[in-house]
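Peer 1: Going by the numbering used here, the sequence shown opens with residue 3, and the numbers climb by one from there.
The beta-carbon is built from N, C-alpha and C at its ideal position, and this holds for glycine as well.
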Amino acid sequence: MARQAWLGDWTYAHRGLHDDDTCENSPAAFRGAIKAGLGIECDVQMSGDGEAMVFHDWTLDRLTAESGALRDRTADELAQVPLKSGGNIPRLSEFLALVGGRVPVLIEVKSKRDAEWKPLARSVARSLARYNGPAAVMSFDPRIVRWFSRTMPTRPRGLVTGRGEKQRLAFAVERSMAVVHARPTFIACDIRDLPDPALARYRRRGMPLLTWTVRSRNLMARARHHADAAIAEGAGLA
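1. At which residue ranges does the region 67 to 135 contain complete alpha helix (DSSP H) runs of 4 or more residues, listed in the order of the chain?
2. Helix, strand or coil for F57 per DSSP?
3. Under the rule that 16 or more other beta-carbon atoms within 10 Å means buried, what is Q169, buried or exposed?
4. Taking a contact to mean a Cβ-Cβ separation below 7 Å, would you say M55 touches I109 in this structure?
5. What three-state label does DSSP hand S151 in the structure shown?
6. Answer yes or no: do I193 and T213 have a C-beta to C-beta separation smaller than 7 Å?
7. Which class does D21 belong to by DSSP, given the choice of helix, strand or coil?
8. Out of T76, H58, S95 and P106, point me to the one whose CA is closest to L85's CA.
9. Can you name, in chain order, every residue of its own chain whose Cβ lies under 6 Å from the Cβ of G263, other than the five neighbours on each side?
10. Between which residues of its own chain and I36 is the CB-CB distance below 6 Å, once the five residues before and five after are set aside?
11. What does the Cβ neighbour count give for K114, buried or exposed, with the cut at 16 atoms within 10 Å?
12. Please report the Cβ distance between M140 and R159, rounded to the nearest whole angstrom; I am assuming they are in contact, meaning their Cβ atoms lie under 8 Å.
13. Round the Cβ separation of A1 and V126 to the nearest angstrom and send it over; I've been treating them as touching at under 8 Å.
14. Could you please give me the residues that DSSP links to R159 through a beta bridge?
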């Protein structure tokens, strides 16, 4: 666990330090987080040729002036797509070069049940193999977390969880099974699920607990009481 002791020492800017004038997951948002002394949480999606691109959505529509799925374009094509507030969609390797180990990073690997994910995981692993700064991977998908447990066993890896509209008992069973399968070294839970006795037990056993997305001072107070670190944005970072 010593390799991930840094996880609880930081507050993480959710998708970088973004606002109405600065796009999420953009180079400007990442530079802003670094200047503010915040860790960075970012998302990666896969290009059509299997490269990890720093972008949250499956389609270009919300954050660019273009439309369509990321997987319909190559990494070179995506790297030329301007974000609405300036800058282009960065490759993961470019993001890591920008950070340069100055602050820790959390990389959320996106997936869908019926979509291929291994090329994306391999691209993330290649970038991290060349990176010396503090960095962790995480995903809602237990398959991806387990893959990293085998492929990069010394790299911190987190299972992202959130109950949403699921029944409490059914979700608790599902999450417990996912933890067993995924073999995470930390958990990143929805702030709305805290406090939670099962998550408290994981913490007592030495598994760090991160929580997302903290968007207010009240939620930050909850995060500080029930978790080891917050992934926050907006008023949560005030």
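Peer 2: Well, looking at it:
1. 77 to 80, 94 to 101 and 120 to 131
2. Numbered from its first residue, the sequence shown carries residue 57 at position 55. F57 falls in the coil class under three-state DSSP.
3. Against the sequence shown, residue 169 aligns to sequence position 167. So Q169 ends up on the exposed side.
4. Residue numbering aside, residue 55 sits at position 53 when the sequence shown is read from its first letter. Residue numbering aside, residue 109 sits at position 107 when the sequence shown is read from its first letter. Not closer than 7 Å, so no.
5. Taking the first residue of the sequence shown as 1, we reach residue 151 at position 149. Here S151 sits in helix by DSSP.
6. Taking the first residue of the sequence shown as position 1, residue 193 is located at position 191. Taking the first residue of the sequence shown as position 1, residue 213 is located at position 211. It is a contact, given that the beta carbons lie within the stated cut-off.
7. In the sequence shown, residue 21 corresponds to position 19, counting from 1. Residue state, collapsed to three classes: strand.
8. Residue numbering aside, residue 85 sits at position 83 when the sequence shown is read from its first letter. Here the closest residue by C-alpha is H58.
9. The first residue shown for the chain is 3 and the last is 240, placing residue 263 beyond what the model contains.
10. For this step, residue 36 is matched to residue 34 along the sequence shown. Contacts found: R104 and V105.
11. Locating residue 114 in the sequence shown gives position 112, counting from the first residue. Exposed is the call here.
12. Here residue 140 corresponds to residue number 138 of the sequence shown, with the count starting at 1. Here residue 159 corresponds to residue number 157 of the sequence shown, with the count starting at 1. About 7 Å separates the two Cβ atoms, so the contact holds.
13. Absent from the structure is residue 1, since the part of the chain shown begins at 3 and ends at 240.
14. For the purposes of this step, residue 159 is taken as residue 157 along the sequence shown, with counting starting at 1. V139.
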